[in-house]
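Colleague: Got a structure for you, questions after.
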Amino acid sequence: MPYWDFRLPKDSDDAPRDSSAAAIAASGLLEIASLVGEGDGLSYKHAAEEILISLHNTYTQGQEQSEGLLLHGTGYYMKDIYVDASLIYGDYYYVEALLKLKYA
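For the sequence shown, the tail end lands on 1202 under our numbering, and the numbers increase by one without skipping.
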């Protein structure tokens, strides 16, 4: 799962993760897969599938009190706004990616 900022150094283990960034990436990878066709597109599709499986297994569990689908999103880290939260745009891209995968 990506950190809240893709440009953070690799030793930033205490930085929060961002489930919304992963959902956006998965949706984008599926879009690329649909544009390049079945040959080269399969690697993009498989990468998106791995991200979606990880999101499902790690970031949707135990959310009885959550108002969103995905847990552990990061909105505006520098101002400590929506850190470790459900984010509506993360949910949107998560569902969009799942639908793209279903109808691919």
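Backbone N, C-alpha and C fix where the C-beta goes; we use that ideal spot for every residue, glycine too. Note that the coordinates shown come from a computational prediction; the quantities given were computed from them, not determined experimentally.
Taking Cβ to Cβ, would you say alanine 1202 is nearer than 8 Å to lysine 1108?
Modeller: Translated into positions along the sequence shown, residue 1202 becomes position 104. Translated into positions along the sequence shown, residue 1108 becomes position 10. Contact flag unset, no.
Colleague: Should lysine 1077 be labelled buried (16 or more other beta-carbon atoms within 10 Å of its own) or exposed?
Modeller: Given that the chain is displayed from residue 1099 to residue 1202, the structure contains no residue 1077 and the question cannot be resolved.
Colleague: Among Ile1179, Glu1165 and Lys1177, whose alpha-carbon lies nearest the alpha-carbon of isoleucine 1186?
Modeller: As a working note, residue 1186 is residue 88 in the sequence shown. Selected option, being the one with the closest Cα: Glu1165.
Colleague: Should glycine 1171 go down as buried or exposed, given a rule of 16 or more other Cβ atoms within 10 Å for buried?
Modeller: Within the sequence shown, the letter at position 73 stands for residue 1171. Flag for glycine 1171 reads buried.
Colleague: Going by DSSP, what residue range makes up the beta strand (DSSP E) through tyrosine 1174?
Modeller: Within the sequence shown, residue 1174 is the residue found at index 76, counting from 1. Looking at the DSSP string, the run of the beta strand (DSSP E) that includes tyrosine 1174 is 1171 to 1174.
Colleague: So, is leucine 1106 buried or exposed, given that buried needs 16 or more other C-beta atoms within 10 angstroms?
Modeller: Translated into positions along the sequence shown, residue 1106 becomes position 8. So leucine 1106 ends up on the exposed side.
Colleague: If we call anything under 8 Å between Cβ atoms a contact, is valine 1181 one with proline 1100?
Modeller: Reading the sequence shown from its first residue, position 83 is the one you call residue 1181. Reading the sequence shown from its first residue, position 2 is the one you call residue 1100. Cβ atoms of valine 1181 and proline 1100: not closer than 8 Å.
Colleague: What does the Cβ neighbour count give for serine 1141, buried or exposed, with the cut at 16 atoms within 10 Å?
Modeller: Counting from 1 along the sequence shown, the entry for residue 1141 is found at position 43. Counting Cβ neighbours within 10 Å, serine 1141 comes out exposed, since fewer than 16 surround it.
Colleague: Please classify leucine 1133 as buried or exposed, where buried requires at least 16 neighbouring CB atoms within 10 angstroms.
Modeller: Translated into the one-based positions of the sequence shown, residue 1133 becomes position 35. In this structure leucine 1133 is exposed. Its beta-carbon is surrounded by fewer than 16 other beta-carbon atoms within 10 angstroms.
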